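See structure below.
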Amino acid sequence: MHKIGILDSGIGGLTTCSYIFKVMPDVNVIYYADTLNAPYGSKTRAEVYAAVKTGVSYLFDAGCDVVVIACNTATTTCVKVLRKEFSKPVVGTEPELKNVSDDTEKPLYLATPLTYENIKNDSFGTADTTCLSKVIEESVFCEKIRREVAGALVSEKQNKVVLGCTHYLYLEKFLSCKTYDGGRGVANRTKTVFGANYRKTKRGGNLFFVFSGKKSFVKYLTAFSDFDDFNRNKT
């Protein structure tokens with residue numbers, strides 16, 4: 003059975019995991035939650051690189067055929083270097099900016115401070131997201147908080163929002179506007195990496211968790227189920 007490694011600083015990459023299971027339901031996924039170094043968005047580039055390289059090394063050593071960096075900050079910071087350092091495929095995650103345009107109003111682009119720095123784009127409106135991923139990480143058991151955060155970030159007049167952090171997808175169901183994220187593209191790209199070697203079976207896949215720091219299995223299972231149910235209902 004194929005084995006995929008998924009890396010993120012916290013619960014955000016579970017949204018990517020949900021998309022991957024949609025296109026490859028029978029793969030085994032090792033989810034590396036880098037809780038020791040979370041959050042990435044407020045760290046230096048050198049700190050992000052060191053943390054992500056450690057995680058990617060662990061996942062390949064664990065036998066993964068491909069590693070998905072399910073984090074926009076990590077991808078925009080160091081994925082090009084990592085692809086040169088590892089012989090196996092490393093798939094990144096980047097904000098879905100290409101297909102968003104608006105003649106009358108700037109679409110709102112939400113990303114971490116470091117991702118903002120890495121991808122400079124004046125054609126999008128931005129907001130202060132300094133502590134946003136941390137708030138979402140800590141409010142997984144409370145929809146009320148996430149609903150309030152979504153309402154405070156995005157006005158009712160906003161018609162398009164780019165969710166440039168996998169954590170931010172946990173706000174998506176509380177937004178009435180059109181949203182864009184790179185999760186589906188990442189899942190399809192991951193499947194393409196396997197090419198003709200991918201063989202669908204009837205056994206079903208498995209999800210395994212690895213934590214670099216504090217363990218929180220209940221929170222992570224809750225977060226995955228929460229987004230997976232919403233994602234399934236939406237499509």
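Counting in our numbering, the sequence shown runs without a single skipped number right up to 237 at its last residue.
Note that the Cβ used here is the ideal one computed from N, Cα and C, for glycine as well.
These numbers were taken from a predicted model, which means no experiment stands behind them.
- When the Cα atoms are used, L171 and T17 turn out to be separated by approximately 7 Å.
- In this structure K193 does not touch M3 by the C-beta definition: roughly 14 Å separates them, more than the 8 Å allowed.
- Annotated three-state conformation of A152 is helix, per DSSP.
- Distances from the CA of S227 to each of G94, Y21, Y60 and K5 were compared; the closest alpha carbon is that of Y21.
- By the beta-carbon neighbour count (other beta carbons within 10 angstroms, threshold 16), E87 is exposed.
- DSSP, reduced to helix, strand and coil, places G94 outside both helices and strands of the structure shown, so it counts as coil.
- Counting only runs of 4 or more residues that sit fully inside the region 102-138, the alpha helix (DSSP H) segments are 115-120, in chain order.
- In the assembly as shown, D36 is a buried residue. Its beta-carbon has 16 or more other beta-carbons within 10 Å.
- Judged by beta-carbon spacing, P115 lies within the 8 Å limit of G43, meaning their Cβ atoms are closer than that value.
- The beta carbon of L9 is closer than 6 Å to those of Y34, G57 and I71 in its chain, skipping five residues each way along the sequence.
- Judged by beta-carbon spacing, N120 lies within the 8 Å limit of T78, meaning their Cβ atoms are closer than that value.
- Using a 10 angstroms sphere on the CB of D183, the tally of other CB atoms reaches 16 or more, which defines it as buried.
- Take the alpha-carbon of G187 and the one of T95: they are about 9 Å apart.
- Residue pairing from DSSP places D10 in a beta bridge opposite A35.
- Secondary structure at N208: strand, using DSSP grouped into helix, strand and coil.
- Short of 6 Å from the beta carbon of L134, and not among the five residues preceding or following it, lies no beta carbon of its own chain.
- Taking 8 Å as the cut-off, the Cβ atoms of V102 and I13 do not count as close.
- Under DSSP, the beta-bridge partners assigned to Y182 are V164.
- Our two residues, R149 and L173, have alpha carbons roughly 7 Å apart in a direct line.
- The beta-bridge partner set that DSSP reports for K5 consists of N30.
- The beta strand (DSSP E) runs of length 3 or more contained entirely in the region 52-93 are, from start to end of the chain, 68-71.
- Close CB contacts of L177 within its chain, under the 7 Å cut and outside five residues either way in sequence, are with A152, V156 and V163 (chain order).
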